[in-house]
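Undergrad: So the sequence lines, in the order shown, correspond to chains C, E, A, Z and S. In this text, residue positions in the first sequence follow the working numbering: the first is 2, and each later residue adds one. In this text, residue positions in the second sequence follow the working numbering: the first is 2, and each later residue adds one. In this text, residue positions in the third sequence follow the working numbering: the first is 2, and each later residue adds one. In this text, residue positions in the fourth sequence follow the working numbering: the first is 2, and each later residue adds one. In this text, residue positions in the fifth sequence follow the working numbering: the first is 2, and each later residue adds one. Cβ atoms here follow ideal geometry from the backbone N, Cα and C, with glycine treated the same way.
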Amino acid sequence: MSRKLVKKRGKKVGAAPGTLVHVGDKSEAAAHIRVIAYDQEHFQDQRLAEPAACPPFKTGPRISWINVDGVHEVAKVEALGGCLGLHPLVMEDILNTDQRPKIEDYDDYLYIVIKMLRYEEQRHEIRAEQVSLVLGRHFVLSFQEHPGDVFEGVRERLRHGRRIRFLGTDYLAYALLDAVVDNYFSLLENIGDQVEKLEEELIANPSPDTLARIHHFKREMLLLRKSVWPLREVLGSLTREEHALISAETRLFLRDVHDHCIHVLDTVETLRDLLAGMLDIYLSSVSNRMNEIMKVLTIMATIFIPLTFIAGVYGMNFTHMPELNWRYGYAGAWLVMIAVAFGLLLFFRRKKWL
Amino acid sequence: MSRKLVKKRGKKVGAAPGTLVHVGDKSEAAAHIRVIAYDQEHFQDQRLAEPAACPPFKTGPRISWINVDGVHEVAKVEALGGCLGLHPLVMEDILNTDQRPKIEDYDDYLYIVIKMLRYEEQRHEIRAEQVSLVLGRHFVLSFQEHPGDVFEGVRERLRHGRRIRFLGTDYLAYALLDAVVDNYFSLLENIGDQVEKLEEELIANPSPDTLARIHHFKREMLLLRKSVWPLREVLGSLTREEHALISAETRLFLRDVHDHCIHVLDTVETLRDLLAGMLDIYLSSVSNRMNEIMKVLTIMATIFIPLTFIAGVYGMNFTHMPELNWRYGYAGAWLVMIAVAFGLLLFFRRKKWL
Amino acid sequence: MSRKLVKKRGKKVGAAPGTLVHVGDKSEAAAHIRVIAYDQEHFQDQRLAEPAACPPFKTGPRISWINVDGVHEVAKVEALGGCLGLHPLVMEDILNTDQRPKIEDYDDYLYIVIKMLRYEEQRHEIRAEQVSLVLGRHFVLSFQEHPGDVFEGVRERLRHGRRIRFLGTDYLAYALLDAVVDNYFSLLENIGDQVEKLEEELIANPSPDTLARIHHFKREMLLLRKSVWPLREVLGSLTREEHALISAETRLFLRDVHDHCIHVLDTVETLRDLLAGMLDIYLSSVSNRMNEIMKVLTIMATIFIPLTFIAGVYGMNFTHMPELNWRYGYAGAWLVMIAVAFGLLLFFRRKKWL
Amino acid sequence: MSRKLVKKRGKKVGAAPGTLVHVGDKSEAAAHIRVIAYDQEHFQDQRLAEPAACPPFKTGPRISWINVDGVHEVAKVEALGGCLGLHPLVMEDILNTDQRPKIEDYDDYLYIVIKMLRYEEQRHEIRAEQVSLVLGRHFVLSFQEHPGDVFEGVRERLRHGRRIRFLGTDYLAYALLDAVVDNYFSLLENIGDQVEKLEEELIANPSPDTLARIHHFKREMLLLRKSVWPLREVLGSLTREEHALISAETRLFLRDVHDHCIHVLDTVETLRDLLAGMLDIYLSSVSNRMNEIMKVLTIMATIFIPLTFIAGVYGMNFTHMPELNWRYGYAGAWLVMIAVAFGLLLFFRRKKWL
Amino acid sequence: MSRKLVKKRGKKVGAAPGTLVHVGDKSEAAAHIRVIAYDQEHFQDQRLAEPAACPPFKTGPRISWINVDGVHEVAKVEALGGCLGLHPLVMEDILNTDQRPKIEDYDDYLYIVIKMLRYEEQRHEIRAEQVSLVLGRHFVLSFQEHPGDVFEGVRERLRHGRRIRFLGTDYLAYALLDAVVDNYFSLLENIGDQVEKLEEELIANPSPDTLARIHHFKREMLLLRKSVWPLREVLGSLTREEHALISAETRLFLRDVHDHCIHVLDTVETLRDLLAGMLDIYLSSVSNRMNEIMKVLTIMATIFIPLTFIAGVYGMNFTHMPELNWRYGYAGAWLVMIAVAFGLLLFFRRKKWL
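Here it is as structure tokens:
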């Protein structure tokens with residue numbers, strides 16, 4: 002779940018295509034393969050210690066959902082992929098966790114890459130984790146790196162024998178995609194709330210920190226859009242095209258996720274526009290404050306500068322300065338000075354600077 | 002009619018598709034189902050206490066317009082939807098009032114989501130309420146949350162037996178869409194007026210409050226566009242595609258609403274461009290004012306600083322300062338000071354700062 | 002010819018489609034129907050007092066150009082439209098003078114909406130007037146609100162029996178469209194001249210008024226583009242599609258108007274880009290001027306502040322100040338002050354502030 | 002070769018289509034028609050005094066390239082066009098030298114409008130001259146206004162009997178188009194060099210003149226793009242579509258010019274982006290300089306203002322001011338003043354303003 | 002590997018198409034032709050002294066990869082191209098190293114232009130070198146200018162007899178394209194790291210140099226995008242279209258490179274957006290600093306200006322100034338001055354300027 006703009010590919014560069022090298026953050030936990038096999042009557046949830054034990058899942062008759070946590074264990078992924086007959090490029094892409102969301106049709110199965118997002122409360126940062134799905138006739142494979150995901154609801158529904166148990170692998174894949182996209186909404190709710198708080202703060206009391214946070218959220222939106230934009234195409238393709246593995250029934254449901262995905266994008270764009278507007282507000286409030294300061298300086302300086310000059314004149318030591326000996330010279334000087342000060346105050350008021 | 006950027010979905014996230022949970026603001030009024038059934042000769046307007054009583058409306062021969070106020074009463078919506086044979090996804094979408102406008106063709110009926118807008122005068126805010134339409138062969142279903150809508154004119158025409166009574170459900174759906182889009186115009190009139198007022202104020206007397214209001218209207222335009230942009234596609238699809246439920250005759254009328262919708266979008270874009278231009282004007286008027294202030298400060302300071310220096314010189318207490326004892330020393334000092342002041346004033350005039 | 006951003010629709014909102022209500026500015030003149038009927042040998046120009054007298058024009062054999070000034074007289078428009086068999090939506094659109102340019106094919110006739118522009122010299126404003134054209138087999142209908150138009154040249158050519166008399170209604174419609182688009186050029190010439198004048202003024206002597214005028218022209222360009230952009234699509238459709246009423250010969254001519262229209266749009270975009278660039282220039286010339294002012298202030302203040310300090314020091318009244326009694330103390334003080342002043346001037350020159 | 006944003010069309014507005022009126026700058030030279038007729042064995046270069054003498058060129062068997070300098074001589078263009086059977090709209094467009102680049106297929110011939118560009122070194126301005134090409138089966142017509150063009154290389158190749166002599170009129174037209182587009186590169190080289198020089202100057206020593214030149218080049222890029230953008234479509238159409246007059250062999254060559262044209266556009270866009278970036282740099286360097294100035298003012302003023310105050314205090318004339326009579330009062334005052342000055346300098350250093 | 006925005010084409014302008022002139026930087030090394038010929042059992046790596054010796058490579062049965070370093074040696078390129086039957090335009094394009102990436106199908110072979118990028122650490126600059134690929138039935142030709150490339154990994158795989166030895170020329174071409182695109186990633190990693198460093202520096206300690214580097218990276222991104230954007234189309238064409246020379250198997254691999262290329266573009270766009278955001282941050286941090294400075298000036302000046310005035314008043318030499326003779330006059334003056342100073346400090350604190 003690295004935050005690097007561009008992930009390190011290490012020794013990957015220059016390697017032959019299909020070379021299996023893990024790219025991305027490594028979880029510290031050991032790889033864990035969990036298989037949920039079900040049909041209308043049965044439900045079985047087990048841990049798969051040995052990838053070589055996969056063949057029964059490949060051909061049915063039950064539907065198997067094989068989830069792998071920890072794709073950095075290349076050997077296990079390779080064994081599993083080999084046993085289920087995946088193309089070397091698919092295995093390479095599963096290991097390279099710095100992919101754009103995409104869909105590829107290999108006739109026997111569909112390969113789908115999506116990004117599972119998590120909002121890290123402390124740092125106010127979005128973390129993306131790549132999820133690879135392989136949708137076959139009798140199995141759905143899902144690959145993640147870190148333990149913990151957004152699929153708990155799906156497992157629950159499988160366990161309790163709801164509609165999902167009566168339908169095929171395409172519906173299971175849909176359920177997983179739906180869980181991922183639904184999660185985007187809760188993430189956006191969170192960010193939306195914070196942006197609105199920021200907006201209020203901006204009006205009440207803008208500070209350089211406000212600016213840094215506007216920039217931070219703009220950056221998050223950039224990264225978010227990078228994850229969601231290509232997903233739209235993926236879902237559009239699933240909705241539109243005639244992939245043999247997707248039934249017409251499921252396509253209706255996928256159309257729904259597609260709508261949600263567009264809605265997410267809309268919201269991201271709206272937030273971006275809003276943040277751009279907030280930046281304008283911030284900058285202009287800074288220059289307003291500057292104006293305020295300049296006004297005070299100008300008024301003070303402009304009033305006292307002539308007064309000080311007058312005082313300076315009568316501080317001169319010329320022998321012949323008749324005013325100095327007048328009876329009311331001093332009082333007169335004060336009068337002149339007060340008059341000048343009032344005149345200037347009036348001028349400022351007329352200029353609406355006071 | 003929440004103003005939240007992103008609506009809370011509460012326990013919805015992670016639920017199975019088709020789970021019926023209400024998302025959005027809740028009206029406090031109880032749900033109210035009203036059925037208007039008509040044909041060329043008859044007109045009947047009644048309240049439907051029991052959703053289970055719907056079957057007669059489903060098959061005709063009369064045309065029924067079933068309007069539901071208060072979609073938060075999930076049970077009623079579910080009963081009605083079940084009785085009219087709606088797909089679970091449609092019912093889910095009816096309850097989720099935070100949808101993008103969209104159209105979905107379920108062969109037997111069309112499902113259309115649009116946004117009914119209301120301008121709240123006091124807060125100068127646009128409030129959006131989701132309206133779901135289901136267009137069947139013999140009935141049109143409309144779902145809203147809050148009592149009060151823009152369809153009074155349609156009801157009036159139905160009551161008085163105009164052309165609308167002679168045409169099918171597609172024309173009724175058109176009439177409802179037309180009412181919603183027409184309402185956008187009156188809303189835009191209102192906002193347009195205020196933006197023009199703001200424009201005048203901007204030139205006459207810009208203040209930080211002006212800026213806040215420009216930002217406010219920019220934000221409203223963002224939200225408005227988010228409602229209208231996808232509606233364009235919805236109407237375009239109705240005009241273009243061969244939905245079996247839409248007659249060629251009605252398609253002519255829908256083309257008209259489509260035109261109106263594009264006109265609304267045009268106006269929204271024009272207002273956005275105008276507001277962006279106003280922001281530029283505001284920012285530059287702020288810096289103009291700053292210039293003005295700086296000029297006054299500069300002129301005052303620049304004139305008096307040398308004068309004060311001269312006065313300071315003749316305030317020095319050196320024993321041997323010949324000028325101090327000259328007969329016209331004092332007068333001479335004044336002359337020099339006046340000459341310097343005039344020289345500087347001339348310099349400023351030549352620079353066009355005065 | 003209102004300048005309102007959004008036109009008032011008054012009681013129109015909520016009315017049934019096809020309800021005939023005039024929307025837009027009202028001319029004060031009475032409606033005036035003028036019919037020019039012609040074929041290769043004949044030419045007849047007459048005023049039509051009674052719309053009911055139209056039938057001969059409908060069926061030929063001569064070609065009739067029926068021009069209506071004053072669409073606010075709803076009854077006359079309705080009578081004429083009814084007699085020529087126009088669809089209610091067409092009549093509604095003719096009366097609603099706040100339409101986007103568009104084309105609609107009703108098989109028997111084409112309905113075209115365009116904007117005739119006029120440049121008001123005194124206020125430097127573009128005024129748009131809606132022109133509706135109905136192109137039938139034997140007649141062309143044109144609707145305007147205000148007396149006076151850009152079609153005088155077309156009438157002249159009809160009168161003098163040029164090529165236009167040998168061709169059909171499609172060519173007449175083309176001639177009218179061509180006259181409208183040609184007029185855009187003379188309008189742009191006018192605005193182009195003024196923008197170039199403004200550009201010179203901007204460099205010679207920018208003032209807040211310059212800014213207001215840049216904003217003004219940007220706004221005019223917005224409104225102009227709103228009129229011309231959809232016209233491009235209208236003309237493109239006439240050029241491309243197989244409207245039965247347009248001959249291949251005339252399509253060549255329409256391609257020419259289409260080119261002109263794109264040229265107009267190009268010029269509008271170029272002017273917009275230019276005005277955006279001028280705004281940048283203006284803003285930076287303002288801050289340049291600010292710099293200039295600040296420099297003068299800084300130089301004056303920075304030179305005299307230390308001098309005044311020195312004078313202040315020797316104005317102190319300490320009993321024991323040896324310098325005061327020195328023979329050349331005063332001259333020495335002057336020397337120090339002059340040296341400081343020159344030193345600072347040198348510093349400024351090195352900084353290139355002088 | 003006018004630089005007006007919008008060309009004057011004079012009495013052209015409102016005229017009948019096909020009316021032959023010259024629009025644009027007039028060359029002072031008399032019109033000059035030059036015919037190069039060739040086949041594999043022959044080459045003949047002659048001046049054509051009388052346009053009526055054209056018929057032999059129309060039908061072959063040799064290929065003729067008829068070049069007209071000075072399209073303002075309407076009569077000659079009309080005679081030539083009439084003799085070669087050009088459509089009135091083509092003749093009108095040849096005379097109107099303010100056209101967008103375009104291509105029109107009249108079955109017997111192709112009509113192509115392009116812009117020949119010239120860089121005027123002294124004013125650093127791009128001048129555009131319209132070149133009209135008519136590509137027939139046996140002849141290529143080219144129309145220009147001013148003597149001097151970029152076709153000298155083509156003439157040279159014709160004279161020396163290279164490949165061009167063995168191929169048809171389509172290849173000749175290609176050679177002319179290629180010469181025009183190649184010329185764009187040398188123009189862009191020139192401008193690119195100057196922009197890079199400007200970039201260096203911007204960093205070394207920005208001045209208001211730098212800004213004016215950035216604006217100038219931005220404007221040139223606008224005008225350049227206006228000439229090249231539609232040319233891309235013209236060349237794309239020649240490459241793609243099945244114009245009967247273009248052989249497959251020549252289409253390969255045209256694809257090459259098309260690539261060049263896209264390359265030119267790419268470079269124009271890159272220059273535009275670069276100039277936009279330079280504007281940002283300029284503006285921020287202006288405000289940096291402002292900062293610099295403000296810092297000097299602040300430091301000087303802030304140091305001397307308190308010192309002057311202290312001097313002022315001991316210049317007061319109170320009878321009872323004990324410090325004045327102290328033995329080391331004066332020295333003490335100096336010490337205090339020096340301490341204050343150093344304290345402030347330290348403060349500034351800590352703030353990193355020094 | 003010139004950095005010129007627009008490359009000099011020297012005497013190339015105006016030349017006949019197919020004229021073989023080298024355009025671009027010249028390597029100082031002599032041209033070097035290296036041929037790797039292989040099939041499943043054999044592998045042969047040799048230097049080709051004489052281009053005329055190429056015929057055996059043309060027809061197989063082994064697959065030959067002929068790599069030319071140093072395209073400036075026109076004669077060698079011409080001899081090689083002639084012997085392998087390349088079209089004159091292809092040879093012209095190979096020599097002109099200032100091309101956009103493109104693909105051209107000449108039936109017998111595909112001609113592909115791509116850019117090999119290198120990051121020059123010292124100057125933080127991207128250098129682009131053009132690589133031309135010609136993909137025939139039995140050979141792949143590659144042309145570069147400078148020794149050293151990114152193909153070492155491919156040679157290694159060929160040497161060690163991996164899968165690449167079992168597949169056709171299309172797979173070899175894919176391997177070369179893949180190596181080039183993979184190299185973009187390592188380049189972006191490098192730049193991404195530096196941009197992130199710059200981002201940290203921007204927040205910690207912005208300086209005019211930071212601005213210059215933001216501008217520098219923006220410029221690099223412009224140039225990078227110019228190389229990668231058209232490559233996307235090239236790879237898209239290879240993936241999509243039915244080029245006879247590309248097998249379905251290889252197309253799967255090319256789809257993978259296509260994905261990588263889009264990923265590169267995404268990252269470039271993200272970096273651009275980020276840099277744009279950083280520019281905003283920089284500008285506003287500059288004006289924040291300005292504010293800071295202004296505040297200090299204002300506070301110092303505003304406090305001392307009235308104090309100095311008071312001191313000035315009691316420095317006046319009027320004969321009748323009662324305060325001067327008061328017992329506690331001096332102490333009173335101090336009291337007044339301290340009171341004023343504290344009052345002002347309080348005012349500033351309330352304004353939150355302190």
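(1) Look at the alpha carbon of C/ASP210 and the alpha carbon of C/ILE300, and state the distance between them as a whole number of angstroms.
(2) What is the DSSP secondary structure of A/ALA31, reduced to helix, strand or coil?
(3) Could you list the residues in the region 239 to 272 of chain C with a C-beta less than 8 Å from some C-beta on chain E, going in chain order?
(4) Put S/MET322 into one of helix, strand or coil per three-state DSSP.
(5) In terms of residues, what are the limits of the beta strand (DSSP E) holding Z/ASN68?
(6) Between A/LEU212, A/ASP150, A/ALA174, which lies nearest to E/SER285 when the distance is taken from Cα to Cα?
(7) Using a Cβ-Cβ cutoff of less than 6 Å, which residues in the same chain neighbour E/MET2 once the five nearest sequence positions on both sides are dropped?
(8) Taking Z/GLU79 as part of the beta strand (DSSP E), name the residues at either end of that continuous run.
(9) From this set, A/HIS88, A/TRP66, A/ASN97, A/GLY330, which residue's C-alpha is nearest A/GLU74's C-alpha?
(10) Taking beta-carbon pairs under 8 Å, can you tell me which members of the region 290 to 301 of chain Z lie near chain S?
(11) Look up S/TYR112 in the DSSP assignment and give the residues it is bridged to.
(12) At a Cβ threshold of 9 Å, is C/TYR120 touching chain S?
(13) Classify C/ARG351 as helix, strand or coil using the three-state DSSP reduction.
(14) Can you grab the Cα-Cα spacing for the pair Z/ARG220 / A/GLU200, in whole Å?
(15) Counting along the chain, where does the alpha helix (DSSP H) carrying C/LEU246 start and finish?
(16) To which residues does DSSP link E/ILE37 through a beta bridge?
(17) Between the region 96 to 115 of chain E and the region 28 to 36 of chain E, can you find at least three pairs of beta-carbon atoms closer than 8 Å?
(18) Considering only DSSP beta bridges, list what C/ILE282 is partnered with.
(19) Return the CA-CA distance between Z/VAL69 and Z/LEU253, expressed in angstroms with no decimal places.
(20) If you measure from the beta carbon of Z/ASP210 to each beta carbon in chain S, is any gap under 9 Å?
(21) Output the distance between the C-alpha atoms of A/VAL155 and A/LEU177, rounded to the nearest integer angstrom.
(22) Which value, in whole angstroms, describes the spacing of the CA atoms of C/PRO148 and C/GLY71?
TA: In short:
(1) Taking the first residue of the first sequence as 1, we reach residue 210 of chain C at position 209. Taking the first residue of the first sequence as 1, we reach residue 300 of chain C at position 299. Rounded to the nearest angstrom, the two C-alpha atoms are 30 Å apart.
(2) Here the question's residue 31 of chain A lines up with position 30 in the third sequence. In this structure, DSSP gives A/ALA31 a state outside helix and strand, which the three-state scheme calls coil.
(3) For the region 239 to 272 of chain C, which is checked against every Cβ of chain E, the residues closer than 8 Å are LEU253, PHE254, ARG256, ASP257, ASP260, ILE263, HIS264, ASP267, THR268, THR271, LEU272.
(4) Along the fifth sequence, one-based indexing puts residue 322 of chain S at 321. In the three-state scheme derived from DSSP, where H, G and I count as helix and E and B as strand, S/MET322 is classed as coil.
(5) If you number the fourth sequence from 1, residue 68 of chain Z lands on position 67. Run containing Z/ASN68: 64 to 70, per the beta strand (DSSP E) assignment.
(6) Residue numbering aside, residue 285 of chain E sits at position 284 when the second sequence is read from its first letter. Of the residues A/LEU212, A/ASP150, A/ALA174, the one whose Cα lies closest to the Cα of E/SER285 is A/LEU212.
(7) By 1-based counting over the second sequence, the position of residue 2 of chain E is 1. Confidence at E/MET2 is low in this model, with a pLDDT of 35, below 50, so the placement of that residue should be treated as unreliable; the coordinate-derived value is given next. Excluding residues within five positions, the ones whose Cβ falls inside 6 Å are ASP26, ARG128, GLU130.
(8) Taking the fourth sequence and counting its residues from 1, one reaches residue 79 of chain Z at position 78. Going by DSSP, Z/GLU79 is part of no beta strand (DSSP E) but of the alpha helix (DSSP H) stretching over 75 to 85.
(9) The count along the third sequence starts at 1 and reaches residue 74 of chain A at position 73. From the listed residues A/HIS88, A/TRP66, A/ASN97, A/GLY330, the smallest Cα separation to A/GLU74 is found for A/ASN97.
(10) Listed by position, the residues of the region 290 to 301 of chain Z near chain S (Cβ gap below 8 Å) are MET291, ASN292, MET295, LYS296, LEU298, THR299.
(11) Counting from one through the fifth sequence, the residue named residue 112 of chain S turns up at place 111. The partner list for S/TYR112 (beta bridge, DSSP) reads S/GLU105, S/VAL135.
(12) Start at 1 with the first residue of the first sequence, and residue 120 of chain C comes out as number 119. Under the Cβ distance rule, C/TYR120 does not count among the residues neighbouring chain S, no pair being separated by less than 9 Å.
(13) Along the first sequence, one-based indexing puts residue 351 of chain C at 350. C/ARG351 sits in a helix when the DSSP states are folded into three classes.
(14) For the purposes of this step, residue 220 of chain Z is identified with residue 219 of the fourth sequence, where counting begins at 1. For the purposes of this step, residue 200 of chain A is identified with residue 199 of the third sequence, where counting begins at 1. If you take the alpha carbons of Z/ARG220 and A/GLU200, they lie about 12 Å apart.
(15) As a first step, residue 246 of chain C is located in the first sequence; it is residue number 245 there, counting from the start. First-last for C/LEU246: undefined, no H or E at that position.
(16) Within the second sequence, residue 37 of chain E is the residue found at index 36, counting from 1. Partner(s): E/ASP46, E/TRP66.
(17) The region 28 to 36 of chain E, when compared against the region 96 to 115 of chain E, does not touch it at the 8 Å Cβ threshold.
(18) The residue given as residue 282 of chain C occupies position 281 in the first sequence. Answer is none; C/ILE282 lacks a bridge partner.
(19) For the purposes of this step, residue 69 of chain Z is identified with residue 68 of the fourth sequence, where counting begins at 1. For the purposes of this step, residue 253 of chain Z is identified with residue 252 of the fourth sequence, where counting begins at 1. Roughly 28 Å between the two C-alpha positions.
(20) Within the fourth sequence, the letter at position 209 stands for residue 210 of chain Z. No, Z/ASP210 lies away from the interface with chain S (no Cβ there is under 9 Å from its Cβ).
(21) The count along the third sequence starts at 1 and reaches residue 155 of chain A at position 154. The count along the third sequence starts at 1 and reaches residue 177 of chain A at position 176. Taking the straight line joining both Cα atoms gives about 7 Å.
(22) For the purposes of this step, residue 148 of chain C is taken as residue 147 along the first sequence, with counting starting at 1. For the purposes of this step, residue 71 of chain C is taken as residue 70 along the first sequence, with counting starting at 1. Straight-line Cα distance between these residues: approximately 8 Å.
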